[in-house]
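For the sequence shown, UniProt numbering assigns the number 1 to the initial residue and increments by one for each residue that follows.
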Amino acid sequence: MSPSKVSSLDFDKFYNIIDGEQRGSKNIHHGVNPSTGEDLWEVPIATEQDCNDAVAAAKKAFPAWRDTPIAKRKELLMKFAELFGQHTAEFTQLLCKESGKPQKIAGIEVGGVVGFIQYHCALDIPEEKFEDDEKIVYTEYTPLGVCGGIIPWNFPLILSIGKIAPALLTGNTIVVKPSPFTPYTGLKLVELAQQIFPPGVVQAVGGNNELGAQLTLHPDVAKISFTGSIATGKKVMEASAKTLKRVTLELGGNDASIILPDVDIKKVAPEVVMGAFQNSGQVCVATKRIYIHESIYQEFLQEMVNFTKSIKVGPPEDGDNLLGPVQNAMQYEKVKGFFADSKAKGYKFAVGEPEPQPTKGFFIQPTIIDNPPNDSRIVAEEPFGPIVPTQPWSDLDEVIARANDTNTGLGGCVWGKDVEKAMAVARRIEAGSVFVNSWEKPTPQAVFGGHKESGIGGEWGKTGLLAFMNARVIHCYKN
Ligand code: NAD
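Structure below.
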């Protein structure tokens with residue numbers, strides 16, 4: 001088992017990675033630096049043939065990788081973590097350029113890659129054994145085969161490794177498709193991986209939405225691990241049904257944060273703001289609705305406003321910035337639509353301007369809308385940008401019902417000094433991840449997935465490994 005041929009890394013040139021080799025394309029596109037609006041490097045658009053070649057190489061590589069002992073697979077994954085760790089500075093710069101994230105925040109995502117691999121390498125594949133007088137029943141889990149990993153633009157690195165690490169650990173091969181808005185770090189991550197893994201084990205094809213659709217239709221792809229919007233997730237599921245592929249769908253959300261009356265206002269208000277505006281609101285589990293007990297509503301909102309005014313927004317190069325721009329022009333226009341709607345309906349802007357000022361990049365100041373109605377767009381939909389509504393509540397059952405009154409169920413937060421009481425509220429939130437006295441911080445140690453239209457299944461952590469495996473039960477009768 002020898003690694004692929006790609007051996008040196010150039011952070012100014014980008015390729016699809018197919019069967020262990022760099023491959024260009026006669027079709028190219030550019031990412032756009034969201035801080036400046038300027039074109040970034042050329043990047044190849046993979047053709048249907050490229051996609052087919054990648055799947056064929058993954059299929060060819062699968063039996064040997066599946067049969068490689070798990071200890072060896074872990075050894076290679078750990079070597080990859082070490083190798084990646086030698087390039088964190090370059091990956092951080094690249095991530096800043098393609099995503100606009102402030103240096104420190106980009107550094108956290110880059111650092112998370114190593115942590116993610118290390119944590120997964122500490123896991124073992126579950127197995128069960130049942131025995132009675134007659135038989136022994138072994139439940140074993142086997143890899144699925146070729147997996148497709150389809151990635152959105154908000155966390156291009158961590159969401160790539162979040163699919164690659166469990167897929168490879170469990171003995172699958174994987175073809176990753178980055179978002180056309182953020183192709184660079186994902187392609188480079190997989191290029192680097194060629195120094196460690198045999199050809200075909202982990203590959204990347206960059207391109208547009210059609211390429212994602214081709215992967216989902218391909219008969220030799222056994223599973224699609226998709227992270228993105230609810231609308232696209234439904235298309236992925238529909239296309240995957242044609243070959244009954246396994247799917248994991250990690251989709252959008254409209255997380256509620258419930259503030260109980262006993263919170264320490266000065267301490268908690270800034271934290272709740274961070275939950276809403278982390279990564280400029282472009283987080284699937286960002287807080288998207290804030291419900292504050294009426295007895296502290298005004299004071300809590302004022303503290304939120306004070307903290308929001310202190311947040312520095314700007315390009316990655318300025319180390320003091322906490323927030324960067326919205327990542328792309330399409331999303332920028334979408335978010336501005338929430339501002340326009342809130343302004344047109346006469347909602348109160350507690351902080352932020354009704355019309356974002358034009359800037360060189362896609363910058364928007366974090367904005368809080370004070371008590372819009374339940375059926376307003378800003379309450380009912382996911383803006384995926386730095387704008388969030390607050391509403392008062394007085395009856396616990398009623399606010400829990402309001403929090404759950406949505407087609408989504410990805411995450412949520414409950415804040416209260418009385419932890420038992422807060423935990424009891426958390427258990428009534430219909431969502432995959434609920435945080436008590438913290439804003440939403442998903443971790444590789446726990447399975448991550450959504451209820452309702454926020455997704456199907458879940459990945460990460462020990463439970464998440466099963467999303468990359470079939471169960472095979474051996475019923476062995478005693479003679
Ligand atoms: P998107 O659905 O537009 O695109 C996601 C990926 O799917 C991209 O790589 C895109 O090229 C590809 N794609 C588009 N059409 C396709 C098709 N028909 N078949 C297959 N692939 C296709 O999402 P986005 O705008 O990149 O990401 C933002 C959304 O992702 C938000 O709604 C956010 O909440 C969600 N998200 C969810 C999670 C989670 O883990 N639950 C994490 C991050 C983001």
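Glycine residues also receive a C-beta, built at the ideal position from the N, C-alpha and C atoms.
| Check | Outcome |
| --- | --- |
| Are at least three pairs of beta-carbons, each pair with one atom in the stretch 422-440 and one in the stretch 449-467, less than 8 Å apart? | yes |
| Check whether the stretch 259-268 touches the stretch 410-425, counting contact only when three or more Cβ pairs, one atom from each stretch, lie closer than 8 Å. | yes |
| Is it the case that the Cβ atoms of G31 and F181 are separated by a distance below 8 Å? | yes |
| How about V247 and I224: are their beta carbons less than 8 Å apart? | yes |
| I'd like to confirm something about residue 552: is its beta-carbon nearer than 7 Å to some heavy atom of ligand 1, or not? | One cannot answer for residue 552 here, as it falls past the ends of the chain, which runs 1 to 479. |
| For K177, does the three-state DSSP call read helix, strand or coil? | strand |
| How is W65 classed by DSSP in three states: helix, strand or coil? | helix |
| Our contact map puts G171 next to P143 with C-beta atoms below 8 Å; I'd like the distance itself, whole angstroms only. | 4 Å |
| Counting along the chain, where does the alpha helix (DSSP H) carrying S376 start and finish? | Run containing S376: none; DSSP gives neither H nor E here. |
| Just checking W439 against ligand 1 - is the residue's beta carbon closer than 7 Å to any of the ligand's heavy atoms? | no |
| Which residues bound the beta strand (DSSP E) around S454? | No beta strand (DSSP E) contains S454, which DSSP labels as neither H nor E. |
| Under a three-way DSSP split, which group does E271 fall into? | helix |
| Can you find a heavy atom of ligand 2 that lies under 7 Å from the Cβ of T227? | Ligand 2 is not part of this structure, which contains only ligand 1. |
| Measuring CB atoms only, is the stretch 331-340 touching the stretch 301-320, in the sense that at least three cross pairs come out at less than 8 Å? | no |
| In this structure, does DSSP put I108 in helix, strand or coil? | helix |
| Helix, strand or coil, according to DSSP, for D19 in the structure here? | coil |
| Which first and last residues belong to the beta strand (DSSP E) in which Q282 is found? | From DSSP, Q282 is part of no beta strand (DSSP E); its letter is neither H nor E. |
| For A471, I'd like the list of residues in its chain whose CB is within less than 7 Å of its CB, leaving aside the five on either flank, ordered along the chain. | T139, Y141 |
| Please name the residue or residues paired with R472 in a DSSP beta bridge. | E140 |
| State the beta-bridge partners of T408 as determined by DSSP. | K452 |
| Check Q391 in the structure and name its three-state DSSP category. | strand |
| Exposed or buried, which one is E131 when buried takes at least 16 other CB atoms within 10 Å? | exposed |
| Identify which residue in N437, E38, F116 has its Cα closest to the Cα of G361. | E38 |
| Are there three or more Cβ pairs, one per stretch, closer than 8 Å when the stretch 47-59 is compared with the stretch 236-253? | no |
| Does the Cβ of L244 have 16 or more other Cβ atoms within 10 Å, making it buried, or fewer, making it exposed? | exposed |
| Is any non-hydrogen atom of ligand 1 found closer than 7 Å to the C-beta of P180, if you look at the structure I gave you? | yes |
| I'd like the list of long-range same chain contacts for H29, defined as Cβ closer than 7 Å, with 5 residues on each side in sequence excluded. | V43, I45, P180 |
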